[in-house]
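Worksheet: the structure to be examined is printed underneath.
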Amino acid sequence: MPRSQADNSKSRRVVVVGAGIGGLTAGALLARRGYQVLVLDQAFVPGGCASTFKRRGFTFDVGATQVAGLEPGGIHQRIFDELEIDLPAATPCDPACAVFLPGETEPINVWRDPEKWKGERQRQFPGSEPFWQLMTTLFEASWKFQSRDPVLPPRNLWDLWQLSSAVRPDTLITLPFTFMTVGDALRGYGLYENQRLRTFLDLQLKLYSQVNADETALLYAATALGVSSEPQGLFHLKGSMQVLSDRLVEALEKWGGKLLMRHTVEYIEASGGKATSVRIRNQKTGEVWTESADEVVANVTAQNLVKLLGEQAPQGYKQRVDKLPPASGAFVIYLGVDQSAIPLGCPPHLQFLYDYSGPIGENNSLFVSVSHPGDGRAPEGKATIIASSFTEAAMWWQGTKQEYDQLKQKYTEDAIAQLAQYFYLKPETIIHQEVATPRTFAFYTGRDQGIVGGIGQRIPTFGPFGFATRTPVDHLWLVGDSTHPGEGTAGVSYSALTAVRQIEASA
Ligand SMILES: Cc1cc2nc3c(=O)[nH]c(=O)nc-3n(C[C@H](O)[C@H](O)[C@H](O)COP(=O)(O)OP(=O)(O)OC[C@H]3O[C@@H](n4cnc5c(N)ncnc54)[C@H](O)[C@@H]3O)c2cc1C
435 MPRSQADNSK SRRVVVVGAG IGGLTAGALL ARRGYQVLVL DQAFVPGGCA STFKRRGFTF
495 DVGATQVAGL EPGGIHQRIF DELEIDLPAA TPCDPACAVF LPGETEPINV WRDPEKWKGE
555 RQRQFPGSEP FWQLMTTLFE ASWKFQSRDP VLPPRNLWDL WQLSSAVRPD TLITLPFTFM
615 TVGDALRGYG LYENQRLRTF LDLQLKLYSQ VNADETALLY AATALGVSSE PQGLFHLKGS
675 MQVLSDRLVE ALEKWGGKLL MRHTVEYIEA SGGKATSVRI RNQKTGEVWT ESADEVVANV
735 TAQNLVKLLG EQAPQGYKQR VDKLPPASGA FVIYLGVDQS AIPLGCPPHL QFLYDYSGPI
795 GENNSLFVSV SHPGDGRAPE GKATIIASSF TEAAMWWQGT KQEYDQLKQK YTEDAIAQLA
855 QYFYLKPETI IHQEVATPRT FAFYTGRDQG IVGGIGQRIP TFGPFGFATR TPVDHLWLVG
915 DSTHPGEGTA GVSYSALTAV RQIEASA
């Protein structure tokens, strides 16, 4: 960074609403680049959906359990380098996931080694290789494009310039596929009727894009599925997920920024189409005050942003948010268990589909993360099991408290019964048990209705057609999983970097 640039920005004040990975990354980078940064978060600990909580000697990752972007050149590595802090220690996940389809006892292993994964998928899904080759080609082109930091979707000439500068001849191969879904590609290769393949894709895509193969944009899917292979890959952090946020907080403070936890932003003031200040409430003391800012970075969902703007939300923006298809919530069960509950050779991440009936995610599938001995999450001889399923968020807000408790109880019992098909779960092996519903996520992460994972990577909402980090309100920026390239700690870090570059360019 040129020195003069840092000097120019010194007097500019930035308020960041939310200390999730997106907000912390944006805040720390802006502080590093010379801005005066104040980050506010309503929760008890930073990290949002990528934070942790402790119970009876166990440390549970609240939401995110796997991290992409730690490899050399990966987004976390690039950002940590700029912040001059060490990357957290991590082990690669290999397989990235072991997927069990209904009635099957052998999983489909998504291996990290591309050749091994090729062998596995050829054995599991005979005749599907042309489809996978297309996915690999699209992944390679899209990855190179994303590594050149395009601004997507562009909202002014500078954004457009950044976008076109990232395009190279090798990007052009992706263009004809912009409006295709994974379902379209499967049809093109005559694979649509292959139930095992389609179910496997539905399951995996639901994790990354919120929607199934029929709806997921092909270009997004190519990136989401390709990222688990070398030289990229998914990683399991040593200690817990909290280490990622803790390092970012350390960097924020090292570069002169400030973080206030238990401080809720109730309102973003935007006069004359420009964000000017935020109204803050200190949760502990009840004190309320207004903090003026030259730039406001909102690390919240698009739905929350509209609420924070209230009457001042631009009508077109509000309507767009209102028309979004309902986003998913998550039901998560956190178990602290005796090590004897874990089968020998259990992979760290598993996905189960329990029956072929009904849409995937409606209480018939689980994504499971299991701790390893010595990874910092459980005392010796014990382990953590965290299992999540997607759930319609709205139903958890209807009805009486009693009905809510009954629903929670039913989901808990179903999850335990499903997990017990693989793990040895008995009263004597379960030491701690706790669940989170959309209501829990709404309370701890402030997310509207407790929705998680962004806006869904359908054709009308992915990449070029999604929500921009540059909002229609001047000096107001949106970072996090509602924006390109979507959910995940790596995804939200890209959005933070984009907003930081836009802020710097607009100074
Ligand atoms: C069950 C589950 C499993 C997941 N698994 C993975 C995974 O394995 N790998 C992966 O990479 N990703 C995973 N994800 C997704 C990932 O966790 C998120 O996409 C990412 O962490 C979101 O980060 P964010 O910065 O956008 O927002 P958030 O994490 O939502 O952070 C927003 C922060 O803003 C604060 N906030 C909100 N409103 C206000 C306000 N008005 N005032 C003050 N503070 C406010 C909140 O308290 C919160 O700390 C998972 C998510 C869930 C729910």
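Going letter by letter, the sequence shown gives residues 435 to 941 in my numbering. Just so it is clear, CB atoms sit at the ideal spot from N, CA and C, and this is done for glycine as well. Note that the structure is predicted; figures quoted are calculated from it, not measured.
Residues that threonine 917 bridges to, as DSSP identifies them: Phe901
Rounded Cβ spacing between threonine 499 and serine 803 (contact assumed at less than 8 Å): 4 Å
With distances taken Cα to Cα, identify the nearest neighbour of aspartate 882 among Arg446, Gly920, Trp831. Trp831
I need the DSSP call for phenylalanine 875, collapsed to helix, strand or coil. helix
Say the cut is 8 Å; is the CB of aspartate 648 nearer than that to a heavy atom of ligand 1? no
So leucine 787 packs on serine 799, CB below 8 Å; how close in whole Å? 5 Å
Contact the segment 923-936 vs the segment 451-458: 3+ CB pairs below 8 Å: yes
Would you tell me roughly how many angstroms separate the C-alpha atoms of glutamate 938 and alanine 600, rounded to the nearest one? 19 Å
Going by DSSP, what residues sit across from isoleucine 767 in a beta bridge? Ala821, Val869
Pull up the CB-CB distance for glutamine 891 and glycine 920, whole angstroms please, since I reckon it's below 8 Å. Their Cβ separation, rounded to whole angstroms, is 6 Å, which keeps glutamine 891 and glycine 920 in contact under 8 Å.
Which residues mark the beginning and the end of the beta strand (DSSP E) in which arginine 447 is found? Per DSSP, arginine 447 belongs to the beta strand (DSSP E) from 447-451.
Do the CB positions of glycine 750 and proline 587 come within less than 9 Å of each other? no
Would the beta-carbon of alanine 764 fall within 9 Å of that of glycine 887? yes
Any heavy atom of ligand 1 within a distance shorter than 8 Å of the CB on phenylalanine 613? no
My parser needs the alpha helix (DSSP H) runs of 4 or more residues fully inside the segment 516-548; what are they? none
Shortest alpha-carbon distance to valine 699 belongs to which of Glu538, Phe492, Arg713, Leu641? Arg713
N-terminal and C-terminal residue of the alpha helix (DSSP H) that arginine 630 is part of: Arginine 630 -> alpha helix (DSSP H) spans 629-643.
Quick one: what does DSSP say asparagine 716 is sitting in, helix, strand or coil? strand
Look at the alpha carbon of leucine 805 and the alpha carbon of serine 711, and state the distance between them as a whole number of angstroms. Note on identity: in this sequence residue 805 is serine, with leucine being the wrong assignment. So the two alpha carbons sit approximately 43 Å from each other.
Assuming valine 473 and glycine 690 make a contact with CB atoms under 8 Å, what is their CB distance in whole Å? With a Cβ gap of about 12 Å, valine 473 and glycine 690 do not count as contacting.
Spatial neighbours of glutamine 936 within its chain, please: C-beta separation below 8 Å, excluding the five flanking residues on both sides. Val585, Trp592, Asp593, Thr903, Arg904, Trp911
Report buried or exposed for lysine 640, applying the criterion of at least 16 other Cβ atoms within 10 angstroms of its Cβ. buried
Taking only the alpha-carbon atoms, compute the straight-line gap between proline 436 and leucine 463 and give it to the nearest angstrom. Interpretation of proline 436 is limited by its pLDDT of 40, a score under 50 that renders its predicted location unreliable; no figure is taken from the coordinates.
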